[in-house]
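Engineer: Those sequence lines, one after another, are chains L and Y. The first sequence begins at 3 in the working numbering and counts up by one. The second sequence begins at 366 in the working numbering and counts up by one. Even for Gly, the Cβ is constructed at its ideal location relative to N, Cα and C. This is the structure, below, for whatever I ask next.
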Amino acid sequence: MDAIILQILNGLDKGSAYALIALGLTLIFGTLGVVNFAHGALFMIGAFCAVTLSRLLSISHEVIDETRTDFLGNPLKVDVPYLYDIFGETTGAAIIDWAVPLSILFTIPVMILVGVVMERGLIKHFYKRPHADQILVTFGLAIVLQEVIKYYYGANPIPTPAPEAFTGSFDFGALIGFEPNTIIYPYWRLVYFAFAAVIIAAVFAFLQFTTFGMVVRAGMADRETVGLLGIDIDRRFTIMFGLAAAVAGLAGVMYTPIVSPNYHMGMDFLVLSFVVVVVGGMGSLSGAVLAGFLLGILESFASMAWVLDTIPGLNQIVIYLVAIIILLVRPRGLLGRKGVMED
Amino acid sequence: MLGLDKKDTSLLLLVVVLTMAAPFLLNPFPEGSGMAQFNAGYPDLMQRFVIFGIFAIGFNILFGLTGYLSFGHAAFLGVGSYAAMWMFKLFGMNVLPALFLAVVLSGLFAMLIGYISLRRSGIYFSILTLAFAMMSYALAYSVLATDMDGPDQQGLLQKGLTGGETGLQLTLTDPRIFGEASTEDGNIPVPNLFGIEMRAATDLEIGNWVFTFSAGYYFAAVVMLISFYLSIRIFRSPFGMMLRAIKSNQQRLNYTGLNPKPYMLAAFVISGMYAGLAGGLMAAMDPLAGPERMFWTASGEVVLMTILGGVGTLIGPVLGAGAIKYMENILSKINSDILHSWFAFLPDGLEDFVVALIYPFIGKGWHLTLGIIFMLVVIFLPGGLVEGGQRIKRLFGRGKSAEDANKPGKATTPAE
């Protein structure tokens, strides 16, 4: 029992990332009808927003510390971040420590801007072209974005730690009445899951309970009629693209303490996220979320020791295997509507 | 000639002449001159030109004719490489049986994957093929690389079927029934064609120029020419017509009472066999096969080549493969010192500025250049380099517009 709970928990963080990226992909596909191969790159840009902010926050200047000396007996030069001068040492240190969560505030506007520019500048021109062209041009864009990031940040992963308060693990099993030390779980992964749940809930609430969301949903169902009613649906869809980019970016920001950002992390996630979208059902938002978590958990179950002893390497192929079976048995995916790109 | 009309014959002849003279044509700059780094006439690179040319020709038969975008073609390349390697290990170092097994096995593998994937079209087909390729990659990387010999033995399957991360390599203990396990001086034998070693090469020095003729290149080039000829025949055959009909309107084809599925599957298998052939040739030129040949970036590369050259055209994929491999090898060799030496004639400040401007696009950043060129091609030139050539031709008023309209490269009808 505790092993099962542990695997479910282990699957949650990856599942959350899959769900968030797949949610954005589905938003874009459902509104604009575009298959966005550059979505993984948006996830990666989000992660590098966190890197950028934590670097910005720790910009320092040199101060000579008279009380300490280096090994030659000269006064020691120490780097003091400007934040220390502004906020004092304790607050400054705390701000730097909390760089990753703080990047959320920084990432949202950046990602919305990136998304809107991308849609207006490039993807707008591809609505009328076949899906293959859309895949190709966004694939090219993904390569370009990836290489730009690689140029500025280098090819090596950049460790971006979580705040001090959330590093380390805690005994989850003891909390819910199991033997102590059976279910040890890192704090940050729980934070990530909670964060993902909040974002997903927010997106659904936004679509469900606001007028803007209602118009967007109407546009997803029948774009032409909404246009005929005198609503500028294109502008709203552009904003939705920005929103989807922001969701991907936020997924990336919060993922940085789990996996150090590198320039190809987006592509690694993208392939799996597409599989997730297809399993969930192209165009179905709840399907994308459900499939994201399901596949994340499934992957974690498949990497249990006794499973790997029976079928070696299952953890690496299980998602693809499930996708193939689903596509053949139920082409529209788990929760897909009938007739959406189904043939 | 050979069942081709006049235009195709001249195209084929042109390609024959170009590939045969490639060691000269690709080495236009004398040895030791500043421009020598732009020479592409060394065997390793020329082999890659033709091998990836084969890969792209095969991909074009599927994507160009039927419009089905496969994102997992590298799986067949990998299967071909592994098959050829096993032939080298078990039978001997002659390349012909190795290529034969590579083609047959990848064809069978393509039949299996195609049978399943082709039940869906559009984006679903792309993702299914991608999923299969990634699965093959994962299998080759870990599952098939586990020890199948049992703990005590040091036999053939000690590192599994695929050798895992390090790849499949030849060893001195391989049986090689029809060959020798090791040469007289105790080395691992080299892939050969009835005694002609693939890595054998002769240098020809004319003045400052050095031209290298490699047996491996000429063998690969001949294979490429045969593949190219076959692809022309497929393009011009009723079968090719049928594939184009599938691309332009599959529903209409259904209404006329024809089942497109067998044609699709045949096209998929043929293009998988081409990929397997390319993979086998890669193993023949450099006896090593690793799982990274199946990774999805490798599948993406052949898509890039085909699009860049011109989808659905005969010569386009070969051009695209050549262009990308040339960029990969030559562009990535330029470093900032070389840039500085080029722009040395500029005033100092300006020189630094120009170098800083160009630097991100060369050396390790060549992928950026590739991505930008690819995007520009998709946006402005959906027909690729071939369409670009046609446009230039029309610009100078030499092309007959009526004839141009009939060229396959102009067919930009969407797949659905």
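Of all the options L/Gly338, L/Lys126 and L/Phe128, which has the alpha carbon lying nearest to the alpha carbon of L/Val280?
Structural biologist: In the first sequence, residue 280 of chain L corresponds to position 278, counting from 1. Of the candidates L/Gly338, L/Lys126 and L/Phe128, the one whose C-alpha sits nearest the C-alpha of L/Val280 is L/Gly338.
Engineer: Which residues in the same chain as L/Phe1 place their Cβ atom closer than 6 Å to its Cβ, once the five residues preceding and following it in sequence are excluded?
Structural biologist: Since the first residue of chain L shown is 3 and the last is 345, residue 1 of chain L is not available in this structure.
Engineer: Pick helix, strand or coil for Y/Trp661, following the three-state DSSP scheme.
Structural biologist: Your numbering for residue 661 of chain Y matches position 296 in the second sequence. Three-state result, Y/Trp661: helix.
Engineer: Considering only residues of the same chain and omitting the five flanking positions on each side of L/Val116, which have a CB-CB separation below 6 Å?
Structural biologist: Within the first sequence, residue 116 of chain L is the residue found at index 114, counting from 1. Excluding sequence neighbours, L/Val116 sits near Ala247.
Engineer: Is it right to say L/Val273 is buried, meaning 16 or more other beta carbons lie within 10 angstroms of its own, or is it exposed?
Structural biologist: Your numbering for residue 273 of chain L matches position 271 in the first sequence. Per the 10 Å Cβ criterion, buried.
Engineer: According to the Cβ coordinates, are Y/Gln412 and Y/Ala649 closer than 7 Å?
Structural biologist: On the second sequence, position 47 is the one that residue 412 of chain Y refers to. On the second sequence, position 284 is the one that residue 649 of chain Y refers to. Going by C-beta atoms, Y/Gln412 is not nearer than 7 Å to Y/Ala649.
Engineer: Could you pull out every unbroken alpha helix (DSSP H) segment of at least 4 residues lying fully inside the segment 561 to 613 of chain Y, listed in chain order?
Structural biologist: 580 to 601 and 603 to 613, all fully within the segment 561 to 613 of chain Y.
Engineer: What does L/Phe322 touch in chain Y if you count any residue whose Cβ is under 8 Å from its own?
Structural biologist: The residue labelled residue 322 of chain L in the question sits at position 320 within the first sequence. Phe is not the amino acid found at residue 322 of chain L; the sequence shown has Tyr there. Ala496, Phe497, Met499, Met500 and Ala503, listed in chain order.
Engineer: Bridge partners for Y/Asp373 per DSSP, in chain order?
Structural biologist: Counting from 1 along the second sequence, the entry for residue 373 of chain Y is found at position 8. Note: Y/Asp373 sits in no beta bridge, so no partner.
Engineer: In chain Y, which residues lie with their C-beta within 7 Å of the C-beta of L/Leu329?
Structural biologist: Counting from one through the first sequence, the residue named residue 329 of chain L turns up at place 327. Arg485, Tyr489 and Leu493, listed in chain order.
Engineer: Flag this pair as touching only if the segment 582 to 602 of chain Y and the segment 439 to 450 of chain Y have three or more C-beta atom pairs under 8 Å; answer yes or no.
Structural biologist: no
Engineer: Look at the alpha carbon of Y/Gly687 and the alpha carbon of Y/Gly418, and state the distance between them as a whole number of angstroms.
Structural biologist: By 1-based counting over the second sequence, the position of residue 687 of chain Y is 322. By 1-based counting over the second sequence, the position of residue 418 of chain Y is 53. Between Y/Gly687 and Y/Gly418, the C-alpha separation is close to 7 Å.
Engineer: Let me make sure I understand the geometry here. Which of Y/Ile426, Y/Ser398, Y/Thr384 and Y/Leu466 has the alpha-carbon closest to that of Y/Thr678?
Structural biologist: The residue labelled residue 678 of chain Y in the question sits at position 313 within the second sequence. Looking at the Cα atoms, Y/Ile426 is the closest of the given residues.
Engineer: If we cut at 7 Å on Cβ distances, does Y/Met740 have a partner in chain L?
Structural biologist: Within the second sequence, the letter at position 375 stands for residue 740 of chain Y. Yes - at least one Cβ of chain L is within 7 Å of the one on Y/Met740.
Engineer: Out of L/Asn183, L/Ile88 and L/Val119, point me to the one whose CA is closest to L/Met242's CA.
Structural biologist: Numbered from its first residue, the first sequence carries residue 242 of chain L at position 240. Ranking L/Asn183, L/Ile88 and L/Val119 by Cα distance to L/Met242 puts L/Val119 first.
Engineer: List, in order along the chain, the chain L residues whose C-beta lies closer than 7 Å to that of Y/Gly665?
Structural biologist: The sequence position of residue 665 of chain Y within the second sequence is 300, counting from 1. Annotation: Cβ neighbours of Y/Gly665 in chain L (cutoff 7 Å, chain order): Phe141.
Engineer: Taking 7 Å as the threshold (beta carbon to beta carbon), is Y/Pro725 in contact with chain L?
Structural biologist: Here the question's residue 725 of chain Y lines up with position 360 in the second sequence. By this cut-off, Y/Pro725 is an interface position.
Engineer: From the beta carbon of L/His133, is the nearest beta carbon of chain Y less than 7 Å away?
Structural biologist: In the first sequence, residue 133 of chain L corresponds to position 131, counting from 1. Taking Cβ atoms only, chain Y reaches closer than 7 Å to L/His133, which makes this a yes.
Engineer: Could you list which residues in chain L have their beta carbon closer than 9 Å to that of Y/Trp338, in chain order?
Structural biologist: No answer is possible for residue 338 of chain Y: it lies beyond the span of chain Y, which begins at 366 and ends at 781.
Engineer: Taking Cβ-Cβ distances below 7 Å as the criterion, which residues of the segment 270 to 287 of chain L are in contact with chain Y?
Structural biologist: Val273, Phe276, Val277 and Val280
Engineer: Report the neighbours of Y/His732 on chain L: residues whose CB is nearer than 7 Å to its CB, in chain order.
Structural biologist: As a working mapping, residue 732 of chain Y is identified with position 367 in the second sequence. The contacting residues are Ile145 and Glu149.
Engineer: Going residue by residue through the segment 14 to 61 of chain L, where are the continuous alpha helix (DSSP H) segments of at least 4 residues, counting only ones entirely within it?
Structural biologist: Counting only unbroken stretches of 4 or more residues, the alpha helix (DSSP H) elements lying wholly within the segment 14 to 61 of chain L are 41 to 59, in sequence order.
Engineer: If contacts are defined as beta-carbon pairs under 8 Å, then L/Val291 and L/Ile202 qualify, I think. What distance do you get, rounded to the angstrom?
Structural biologist: As a first step, residue 291 of chain L is located in the first sequence; it is residue number 289 there, counting from the start. As a first step, residue 202 of chain L is located in the first sequence; it is residue number 200 there, counting from the start. Contact holds; Cβ gap of about 6 Å.
Engineer: Check Y/Leu533 in the structure and name its three-state DSSP category.
Structural biologist: Locating residue 533 of chain Y in the second sequence gives position 168, where the first residue counts as 1. Of the three classes helix, strand and coil, the one that applies to Y/Leu533 here is strand, per DSSP.
Engineer: Relative to the C-alpha of Y/Leu704, which candidate in Y/Val683, Y/Phe726, Y/Tyr433 and Y/Val381 has its C-alpha closest?
Structural biologist: Along the second sequence, one-based indexing puts residue 704 of chain Y at 339. In terms of Cα proximity to Y/Leu704, the closest of Y/Val683, Y/Phe726, Y/Tyr433 and Y/Val381 is Y/Phe726.
Engineer: Consult DSSP for Y/Asp769 and reduce its assignment to one of helix, strand or coil.
Structural biologist: Here the question's residue 769 of chain Y lines up with position 404 in the second sequence. Interpretation of Y/Asp769 is limited by its pLDDT of 47, a score under 50 that renders its predicted location unreliable; no figure is taken from the coordinates.
Engineer: Determine the direct distance from the alpha carbon of L/Glu301 to that of Y/Glu530, and round the result to whole angstroms.
Structural biologist: As a position in the second sequence, residue 530 of chain Y is number 165, starting the count at 1. As a position in the first sequence, residue 301 of chain L is number 299, starting the count at 1. Y/Glu530 and L/Glu301: Cα-Cα distance of roughly 21 Å.
Engineer: Is the beta carbon of Y/Ala632 closer than 7 Å to that of Y/Thr431?
Structural biologist: As a first step, residue 431 of chain Y is located in the second sequence; it is residue number 66 there, counting from the start. As a first step, residue 632 of chain Y is located in the second sequence; it is residue number 267 there, counting from the start. Against a cut-off of 7 Å, the Cβ pair of Y/Ala632 and Y/Thr431 comes out as a contact.
Engineer: Using three-state DSSP, classify Y/Ser697 as helix, strand or coil.
Structural biologist: If you number the second sequence from 1, residue 697 of chain Y lands on position 332. Note: Y/Ser697 maps to helix in three-state DSSP.
Engineer: Beta-carbon within less than 7 Å of L/Met222's beta-carbon, same chain only, minus the 5 sequence neighbours each way: which residues are those?
Structural biologist: Locating residue 222 of chain L in the first sequence gives position 220, counting from the first residue. Same-chain partners within the cutoff: Gly32 and Thr33.
Engineer: I'd like to know if the segment 103 to 110 of chain L and the segment 217 to 232 of chain L are in contact, where contact means that at least 3 CB-CB pairs between them fall below 8 Å.
Structural biologist: With the cut-off at 8 Å, the segment 103 to 110 of chain L and the segment 217 to 232 of chain L do not touch.
Engineer: By Cβ distance, which residues of its chain are closer than 6 Å to Y/Ile478, with the 5 residues on each side in sequence left out?
Structural biologist: Here residue 478 of chain Y refers to the residue found at position 113 when the second sequence is read from its first residue. Cβ within range, chain order: Phe497.
Engineer: Is it true that the CB of Y/Ala421 sits closer than 7 Å to the CB of Y/Met659?
Structural biologist: Residue numbering aside, residue 659 of chain Y sits at position 294 when the second sequence is read from its first letter. Residue numbering aside, residue 421 of chain Y sits at position 56 when the second sequence is read from its first letter. Not in contact: Y/Met659 and Y/Ala421 (Cβ atoms no closer than 7 Å).
Engineer: Using the three-state DSSP reduction, which class does L/Asn12 fall into: helix, strand or coil?
Structural biologist: Your numbering for residue 12 of chain L matches position 10 in the first sequence. It is helical.
Engineer: With a 10 Å radius around its C-beta and 16 neighbouring C-beta atoms as the bar for buried, classify L/Asn38 as buried or exposed.
Structural biologist: By 1-based counting over the first sequence, the position of residue 38 of chain L is 36. Only buried fits L/Asn38, as 16 or more other CB atoms lie within 10 angstroms of its CB.
Engineer: So, at 6 Å on beta carbons, what are the nonlocal neighbours of L/Pro165 in its own chain, with the 5 sequence-adjacent residues on each side left out?
Structural biologist: For the purposes of this step, residue 165 of chain L is taken as residue 163 along the first sequence, with counting starting at 1. If we look at L/Pro165 and ignore the five residues flanking it on each side, its Cβ neighbours are Asp99 and Trp100.
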